[in-house]
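Colleague: Counting the sequence shown from 1 gives a position; our numbering is that position plus 11. The C-beta atom is built at its ideal place from N, Cα and C for all residues, glycine as well. I'd like to ask you about the structure that follows.
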Amino acid sequence: MEFTAAQIASFVGGSVEGDENVRISNFAKIEEAGAGDITFLANPKYTHFIYNTGASAVIVSTGFTAEYPVPATLIRVENPYETLSQLMTMAAQAMNQTPTGREEPAHVADGVEIPEDAYIGAFAYIGKGVKLGKGVKIYPQAYIGDGVELGEDTIIYPGVRIYHGCKIGARCVIHAGAVIGADGFGFAPDAEGHYHKIPQLGIVVIQDDVEIGANTTIDRATMGSTVVERGVKLDNLIQLAHNTTVGSDTVIAAQTGVAGSAKIGSKCMIGGQVGFAGHITVGDGVHIGAQSGVPNNVESGCQIMGYPAIPARDFLRQSALLRRLPEIYNAVRNIPKSEK
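Set out below in structure tokens:
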């Protein structure tokens, strides 16, 4: 598919600066783009690329001011990153043919109603009492356990396992290999130190517009529910333990682990490989740097990093001093004894 810069600007409510008739047929990164490509500039670290990019058009903010001539046509918008996402979503919808119908072999338990516009892939398993919303897509080799509920337009990619009783909202996307509702890690030792399993009788509740990355695991609650609230975005290889809660519009990067009964607030941004202790509460709007360890409660609005996590500014100061430690050590060693 091909569009002019003027057509793209009209789609996204932007303005054109340059050749409005230049034709666009593909997306590319600003440092790799060529003729016919559209790219974007949102991070100031990439500004220098705009002066020699081969792209035909670049999406920039309304406040961008060029220091040198820019060879590409500019499309000015309020938020370049959001606009690029909007355009790529439109392109994906145009390119991808949405499957419908039921492939064979697939197991669908008696009494399960399949909406006309749903898709059930080959070798999928749909258990007893499952409820499927309109437009649900269940790809091959997915397992949907007894009593599971899937909301409208939710997509379950190949190899996903959703255990019995879990509830998934509308417009969710669960990527390949994710496991929803496996038993929480609950064992009690007896007098001799032998561990016995504590039955995990709860469920997982995933609200609307949640995306869950490949091979992420979310454990069912011991009692009650493990909850992922509306709009949460989880990367690949994340572990949410039993009875955890993740607040709405929070984003979590890969390899993060959240221990049991921890509560994470809304609109948090959590880097990769962060570890949370159990039974703690993290407030709303918290930003946590990658590889941090969070052992205690965190107040809303904090920016923390490190292990154990401390205010980000303090961590950066400590890191700067740590780099100078050999220099400081040598300076102290060379002080004459009489001056010490």
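Rounded C-beta distance between Thr237 and Ile229? I'm assuming under 8 Å.
Modeller: Position 226 of the sequence shown, counted from the first residue, corresponds to residue 237. Position 218 of the sequence shown, counted from the first residue, corresponds to residue 229. Rounded, the Cβ-Cβ distance is 6 Å, consistent with contact.
Colleague: Does DSSP put Phe134 in a helix, a strand or coil?
Modeller: The residue labelled residue 134 in the question sits at position 123 within the sequence shown. Three-state DSSP puts Phe134 in coil, outside helix and strand.
Colleague: Looking only at its chain, what residues have a beta carbon closer than 8 Å to the beta carbon of Lys348, apart from the 5 residues adjacent to it on each side?
Modeller: Here residue 348 refers to the residue found at position 337 when the sequence shown is read from its first residue. Correct list: empty, nothing qualifies.
Colleague: Any idea if Pro116 is buried or exposed, counting beta-carbon neighbours within 10 angstroms, 16 or more meaning buried?
Modeller: One-based indexing of the sequence shown puts residue 116 at position 105. By the neighbour-count rule (16 or more Cβ atoms within 10 Å), Pro116 is not buried but exposed.
Colleague: Asp409: which of His186, Ala199, Ser36 and Gly317 sits nearest, CA to CA?
Modeller: Since the first and last residues shown for the chain are 12 and 351, residue 409 lies out of range.
Colleague: Would a C-beta distance cut-off of 8 Å place Ala83 and Ala68 closer than the cut-off?
Modeller: Indexing the sequence shown from 1 puts residue 83 at position 72. Indexing the sequence shown from 1 puts residue 68 at position 57. Cβ atoms of Ala83 and Ala68: closer than 8 Å.
Colleague: Evaluate Asn54 with the Cβ neighbour count: other Cβ atoms within 10 Å of its Cβ, from every protein chain shown; 16 or more gives buried, anything less gives exposed.
Modeller: Within the sequence shown, the letter at position 43 stands for residue 54. It is exposed - the Cβ of Asn54 has fewer than 16 other Cβ atoms within 10 Å.
Colleague: Whole angstroms are fine: how far does the CA of Ala252 sit from the CA of Gly192?
Modeller: Your numbering for residue 192 matches position 181 in the sequence shown. Your numbering for residue 252 matches position 241 in the sequence shown. Taking the straight line from one Cα to the other gives about 10 Å.
Colleague: Can you give me the C-alpha to C-alpha distance between Ile275 and Gly29, rounded to a whole angstrom?
Modeller: Numbered from 1 along the sequence shown, position 264 holds the residue referred to as residue 275. Numbered from 1 along the sequence shown, position 18 holds the residue referred to as residue 29. Looking at the two C-alpha atoms, the distance is approximately 46 Å.
Colleague: Starting from the C-beta of Pro91, find all residues in its chain whose C-beta is less than 8 Å away, skip the five residues before and the five after it, and write them out in chain order.
Modeller: Counted from its first residue, the sequence shown places residue 91 at position 80. The residues are Phe51, Leu52, Ala53, Ile70, Val71 and Ser72.
Colleague: Pick helix, strand or coil for Asp230, following the three-state DSSP scheme.
Modeller: Start at 1 with the first residue of the sequence shown, and residue 230 comes out as number 219. Here Asp230 sits in strand by DSSP.
Colleague: Excluding the 5 residues flanking Gly188 on each side, which residues of the same chain have their C-beta closer than 6 Å to its C-beta?
Modeller: The residue labelled residue 188 in the question sits at position 177 within the sequence shown. Hits under 6 Å: Gly170, Ala225 and Asn226.
Colleague: I need the boundaries of the beta strand (DSSP E) containing Pro200, first residue and last residue.
Modeller: By 1-based counting over the sequence shown, the position of residue 200 is 189. For Pro200, the uninterrupted beta strand (DSSP E) segment begins and ends at Phe198 to Pro200.
Colleague: Which of the three DSSP states is assigned to Ala105 in this structure?
Modeller: Within the sequence shown, residue 105 is the residue found at index 94, counting from 1. Helix at Ala105.
Colleague: With C-beta atoms as the reference, is Ile166 less than 8 Å away from Ile137?
Modeller: Residue numbering aside, residue 166 sits at position 155 when the sequence shown is read from its first letter. Residue numbering aside, residue 137 sits at position 126 when the sequence shown is read from its first letter. Against a cut-off of 8 Å, the Cβ pair of Ile137 and Ile166 comes out as no contact.
Colleague: Helix, strand or coil for Asp157 per DSSP?
Modeller: Mapped onto the sequence shown, residue 157 falls at position 146. Under the three-state reduction of DSSP output, Asp157 falls in the coil class, being neither helix nor strand.
Colleague: Could you say which of Gly296, Glu43, Ile125 and Glu13 lies nearest to Leu98 if we only look at CA atoms?
Modeller: The residue you call residue 98 lines up with position 87 of the sequence shown. Checked all of Gly296, Glu43, Ile125 and Glu13; the closest Cα to Leu98 is Glu13.
Colleague: How would you call Leu161, buried or exposed, if buried means at least 16 neighbouring beta carbons within 10 angstroms?
Modeller: One-based indexing of the sequence shown puts residue 161 at position 150. Burial call: buried.
Colleague: Quick check on the DSSP output: the alpha helix (DSSP H) that includes Phe405 runs from which residue to which?
Modeller: Residue 405 cannot be examined here, being either before or after the span of the chain that is shown, 12 to 351.
Colleague: What separation, rounded to the nearest whole angstrom, lies between the Cα atoms of Met106 and Thr100?
Modeller: Taking the sequence shown and counting its residues from 1, the one referred to as residue 106 is at position 95. Taking the sequence shown and counting its residues from 1, the one referred to as residue 100 is at position 89. If you take the alpha carbons of Met106 and Thr100, they lie about 10 Å apart.
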